[in-house]
Amino acid sequence: GTDGEGRNLLYNPRLVHKVVHLVRDPFDNVVNRFQWDKHETLHMKEEFGFEDSPEGFKGWCAKFDELVQDIILLSPSHMELIKNVPCYGLFYQYIMWHNNVADMI
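Per our numbering, numbering through the sequence shown is continuous, rising by one, with the last residue being 114.
Following this line, the structure appears as C-alpha cells:
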C-alpha cells in the first residue's frame with residue numbers, strides 16, 4: 010500500500026499471524042465497481058457518461074475492456090473465448106487478485 014503522500018509502505022511479514030481471505034460474488038464486484046466509478050467521477054464534478062441502466066453498464070464495461078485489452082496477457086485462443094463477456098477485464102483482475110492471495114498465503 011501507500012501512505013497519503015504516495016510513498017510505498019512495507020510491512021514486516023512476520024507481524025502477520027493469521028489471514029482472512031474473503032471471497033465475494035464476482036458479479037457483485039463488477040456492479041460495485043461500476044457504482045464506485047460513477048460515484049468517484051461525479052465526486053470530481055466530471056461527467057460520468059453512462060446511464061445507470063443495463064445499457065449504460067454495458068457501455069461502461071466496453072470502455073473498461075478497451076482500456077485493459079493490451080494489458081491482459083492471454084493467448085489469442087483465450088482472448089477469443091472471453092471477448093464477448095462484458096467486463097472481462099474486471100473478471101480477469103478479480104481472478105488474478107485471488108490467485109495472488111492464494112499464492113501469498
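Just so you know, even glycine gets a beta-carbon here, dropped at the ideal spot from N, CA and C.
On a predicted model such as this, the values are computed, not experimentally measured, just so you know.
| Query | Result |
| --- | --- |
| List the whole-angstrom C-beta distance separating Asp74 from Gly98, where the pair is believed to meet the contact cut-off of C-beta under 8 Å. | 5 Å |
| Give the secondary structure of Asn17 by DSSP, where H, G and I count as helix, E and B as strand, and everything else as coil. | strand |
| What separation, rounded to the nearest whole angstrom, lies between the Cα atoms of His26 and Asn109? | 18 Å |
| If you draw a straight line from the C-alpha of Pro85 to the C-alpha of Asn93, how long is it? | 14 Å |
| Exposed or buried, which one is Phe117 when buried takes at least 16 other CB atoms within 10 Å? | This structure leaves residue 117 out entirely; the chain is present only between 10 and 114. |
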